[in-house]
Amino acid sequence: MILILIYFCNGYFGLITAGRGITPSVCQNVTYRHYRRTGMGETMDATELHDRLLADLRRYAAGRRKDIDRGAETRELAGLLVEKYGYGLARALEICGDVAGLPMPNLFAETDKVVLEIDPNAVQNRARRWDARPAGLDLPAGNG
Numbered sequence: 080m081i082l083i084l085i086y087f088c089n090g091y092f093g094l095i096t097a098g099r100g101i102t103p104s105v106c107q108n109v110t111y112r113h114y115r116r117t118g119m120g121e122t123m124d125a126t127e128l129h130d131r132l133l134a135d136l137r138r139y140a141a142g143r144r145k146d147i148d149r150g151a152e153t154r155e156l157a158g159l160l161v162e163k164y165g166y167g168l169a170r171a172l173e174i175c176g177d178v179a180g181l182p183m184p185n186l187f188a189e190t191d192k193v194v195l196e197i198d199p200n201a202v203q204n205r206a207r208r209w210d211a212r213p214a215g216l217d218l219p220a221g222n223g
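FYI, our numbering numbers position 77 of the sequence shown as 156, with every residue one higher than the one before it.
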């Protein structure tokens with residue numbers, strides 16, 4: 080089986096590939112390549128990939144914080160956006176580890192910590208969203 084996972088992280092388009100015959104002791108068969116416009120790639124290990132994805136999540140969260148500070152988003156919305164973005168990154172990392180048969184660091188736990196920095200009431204707000212049927216956004220009426 081060959082896995083090719085394409086993702087976008089911090090200005091890079093990336094490919095995560097895992098080839099045939101992968102065992103936990105054959106880590107060199109898992110390759111993470113990042114490509115900028117030049118098409119030149121670099122290889123990294125699972126820990127470095129985790130660290131880069133976490134750094135990208137933190138940069139995304141910083142952008143949401145700026146939107147909160149300038150009044151463009153509520154903490155609840157910003158926390159939800161960070162949660163969804165982070166869970167997507169975490170799931171991609173988890174899938175790569177599953178296919179490669181390698182243990183990967185837990186990005187889900189890190190995502191939860193970052194979300195709580197944005198929205199300290201994230202757990203309660205998540206429960207409120209799940210209880211709402213259907214969940215939605217309460218947006219003001221448009222100007223035209």
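C-beta: ideal position from N, C-alpha, C; glycine also. Computed from a prediction, not measured in an experiment: that's the story for all the values here.
Secondary structure of residue i, DSSP reduced to three states
{"i": "GLY90", "result": "In this prediction, GLY90 scores a pLDDT of 44, lower than 50, which makes its location untrustworthy; the coordinate-derived value is nonetheless stated afterwards. Of the three classes helix, strand and coil, the one that applies to GLY90 here is coil, per DSSP."}
{"i": "ALA214", "result": "coil"}
{"i": "ALA169", "result": "helix"}
{"i": "ASN108", "result": "Confidence at ASN108 is low in this model, with a pLDDT of 38, below 50, so the placement of that residue is unreliable and no value is reported for it."}
{"i": "PRO103", "result": "Only weak support exists for where PRO103 lies, its pLDDT of 36 falling under 50; the value from the coordinates is given anyway. If DSSP states are grouped into helix, strand and coil, PRO103 belongs with coil."}
Residue i, buried or exposed, once every other Cβ within 10 Å from all chains shown has been counted against 16
{"i": "GLY165", "result": "buried"}
{"i": "LEU218", "result": "exposed"}
{"i": "THR126", "result": "exposed"}
{"i": "ALA256", "result": "Nothing about residue 256 can be reported from this structure: the residues present for the chain run from 80 to 223 only."}
Contact belief for residue i with residue j at Cβ below 8 Å, rounded distance in angstroms
{"i": "VAL193", "j": "LEU132", "result": "Actually they do not touch by this definition, with Cβ atoms about 12 Å apart."}
{"i": "GLY167", "j": "ALA201", "result": "Incorrect: roughly 17 Å between the Cβ atoms, too far for contact."}
{"i": "ASP198", "j": "GLU155", "result": "6 Å"}
Closest by C-alpha distance to residue i, when choosing among the options
{"i": "ALA141", "options": "LEU216, LEU195, PRO213, ASN200", "result": "LEU195"}
{"i": "ASP130", "options": "ARG205, GLY150, PRO184, ALA157", "result": "PRO184"}
First and last residue of the uninterrupted alpha helix (DSSP H) at residue i
{"i": "ALA140", "result": "125-148"}
{"i": "GLU191", "result": "Checking the sequence shown, residue 191 turns out to be Asp, not Glu. Taken as a continuous stretch (DSSP letters only), the alpha helix (DSSP H) holding ASP191 covers 186-197."}
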